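Since the structure comes first, as structure tokens, the remarks are kept for the end.
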Amino acid sequence: MGSGAVAVAAVAGVVMLQRTSLLPEHAGMQWSIVDRYCIDCHNSVERAGDVMFDRLRAGSVAEEAEIFETAVRKLRGRLMPPPGSPQPNQGQVDALISWLENSLDQGVGTAMAGHVPVQRLNRTEYANAVRDLLSVEIDPAEYLPAEVEVEGFSNIATALTVSPTFLDQYVRVAQEVSRMAVGDRQPEVVSAYFPPPELGDQEGYVDGMPLGTRGGARFEYTFPADGEYRINITDLDVGLYPRGLENEQTLVVLIDRTEVFRQNIGGPEDRAFVDLGGAPAREELMDRFSNVPVNVTAGPHEVVVTFIERAQVATDDPVRGGSHFPGWAFLGHLRLLRVIGGIEVVGPYEATNVYRTPGQEKLFTCEPEVPDRERACAEQITANLAERAFRRPIARDDLDRLMAFYDAARGGGGGFDSGIEQMVTAVLVSPAFLYRGILQPGEAGSADSYALTDLELASRLSFFLWGQGPDDELLELANADGLSEPGVLEAQVQRMLAATPAETLVTNFAFDWLNLDDLDEVQPDPQ
């Protein structure tokens, strides 16, 4: 066989179909050489090498590929027939080798399936498929129960059973994924809270913060629309004994490293104000850092709240306590203000240009321009999602079943988006998405094995290499029966191996195969 076919067989378990025409009389002529020179030793009585050619026929070459690949290697090295036995001439050997190789290339390339039970997506495959379909990231360990492992593998079909409780969890995660995928496309004014940073050493520079700053907090937030937002900084450690107010400090707010707010705090006036005014004065001082207005565009942005680093020689007083007064180290850090409360982002106000999440970009392939177009657009969205989720073309019956969920939510008082959300949930709990199987063709009869369709082959290939369903390119080829064309399947394997999702061969297959998930439990002998 060609080296490309061997590589594909090793990686994906299948090779491409070679379009070689083998005449029946030619096969009979070559098999007569096997009958004449091989069967005397390789038969049901002698069983040399546990090979019994008297039980095989010319059409068995592809079915018994391992036996005949070994035979090709033996013939090429003239190791068979053994010395002392009748020998075919070189022309006969070359012709037999050529026929065997062509038969192997043709037969092995027709990917065959025996009995394969219907297989549920395990929780890792489910999370991968959801990310591919809707750009929604979920932690499968958080949403779904652990799978039963067989020999370290969690994708063995017979172990992927489903109980009523298990099914409830799949329904709940489908509802949550649908909600995240559709999102709120008409955003209201909402509040997003980000907890305070780990205190650590806020007296100095914090890794990842802008240079020239001290302490503070940093987080990422996806602003739902263009508009004005308000930032509330809840606590800067202006406590009962505000030693941090002894020296003037400057707090800044940055959006994507661009300064949008600057305010001084501390110094003799602020310290005296708080000393004399007590708790009401502290609240009034913190009002400087409430409802800070910022204008932000829709989409993900980095938000930083931090202090400008000041020179320690700006005062004669020891700012840091640990090195100067070891016994008073617990008071040293109080001479600098710190971000010890959470940060709240409220908005948008007067929103425009609503942000579309990656999930919305994938899901909403159209927008109803007028009410009369709503259902047609919903059908388009449903057909696009279902074809990718079910890994096959969908029929009108499939579409009608899914659209019933859209109609129920839409007619129950929900809007267009509510109907789409309900439809997405229905897709994600459909057996056509949760399970993958191989249908025995009607003409297979009682055959032990039969050829895979291109769609079945694409699905098996994609779940092995990527741990998820086929992408648009592979699905389009499979729908057109293009994977059977010479060189196409090999090219697809090479493309898929070069893509990022192929990392699952390491993080999923190889980790399970080599039990690397348990590596942390190994305690090496220090000696």
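So for the sequence shown, the working numbering puts the first residue at 3; every next one is plus one.
For glycine and all other residues, C-beta sits at the position ideal for the given N, C-alpha and C.
Bear in mind the structure is a predicted one, so any value in this text is a computation, not a measurement.
Ranked by Cα distance from Ala64, the options Ser105, Asn91, Pro83 are led by Ser105. Shown here, Glu352 sits in a strand according to DSSP, grouped into three states. For Gln424, the secondary structure class from DSSP, reduced to helix, strand or coil, is helix. The continuous alpha helix (DSSP H) containing Gln171 extends over residues 166-184. When Cβ pairs closer than 8 Å are counted between the two stretches, the stretch 466-477 is seen to touch the stretch 492-512, the count reaching three or more. Its Cα nearest to that of Ser486, the residue Leu454 stands out among Leu454, Thr308, Thr252, Val120.
According to DSSP, residue pairing for Ser451 in a beta bridge does not occur.
Considering only Val138, Val179, Arg358, Asp289, the residue with the shortest C-alpha distance to Thr427 is Val179. Distance check between Asp134 and each of Glu363, Phe418, Asp514 places Glu363 closest, using alpha-carbon atoms only. Just measuring C-alpha positions, the residue of Glu248, Gln204, Gly218, Ile257 sitting nearest Thr224 is Ile257. The Cβ-Cβ distance between Arg340 and Gln204 falls below 9 Å. Boundaries of the beta strand (DSSP E) around Arg220: 215-225. Under the three-state reduction of DSSP, Ile233 is assigned to strand.
Between Val296 and Val254, the gap from beta carbon to beta carbon reaches 9 Å or more. Glu352 and Gln188 have their C-alpha atoms spaced approximately 12 Å apart.
9 Å or more divides the Cβ of Pro472 from the Cβ of Ala482. Here the stretch 473-480 does not lie against the stretch 426-440, with fewer than 3 beta-carbon pairs under 8 Å apart. Considered as a whole, the stretch 466-511 harbours 474-481, 490-500 as its complete alpha helix (DSSP H) runs of no fewer than 4 residues, in chain order. Counted as a single uninterrupted DSSP element, the alpha helix (DSSP H) harbouring Pro360 occupies residues 360-365. Within the DSSP bridge table, the entry for Phe263 names Val255 as partners. Inter-segment contact for the stretch 275-290 and the stretch 234-250 is present: three or more beta-carbon pairs are separated by less than 8 Å. Per the coordinates, the alpha-carbon of Glu369 lies some 12 Å from the alpha-carbon of Ile422. Counting only the Cα atoms, Arg394 lies some 39 Å from Thr354. Per DSSP, Asp399 has no beta bridge partner at all.
Here DSSP, grouped into helix, strand and coil, assigns Ala148 to coil. No Cβ-Cβ contact shorter than 9 Å links Val240 with Val305. In the DSSP assignment, the residues bridged to Asp228 are Thr354.
Taking a cut-off of 8 Å for Cβ pairs, the stretch 122-134 and the stretch 61-77 do not touch, as fewer than three such pairs fall below it. Taking every protein chain shown into account, the CB of Gln529 has fewer than 16 other CB atoms within 10 angstroms, so this residue is exposed. Here Ile310 is not near Ile233, since their CB atoms are 9 Å or more apart.
Only residues of its own chain outside the window of five on either side were considered, and among them Leu256, Arg259, Val306, Thr308 have a CB closer than 8 Å to the CB of Pro212, listed in chain order.
In this structure Pro199 is buried. Its beta-carbon is surrounded by 16 or more other beta-carbon atoms within 10 angstroms. Within the stretch 45-100, complete alpha helix (DSSP H) segments of at least 4 residues are found at 67-78, given in chain order.
With contacts defined as CB atoms closer than 9 Å, Glu271 and Arg337 fail to qualify as a contacting pair. Judged by their CB atoms, Ala388 and Leu404 are nearer to each other than the 9 Å cut-off. Judged by DSSP in its simplified three-state form, Asn124 adopts coil rather than helix or strand.
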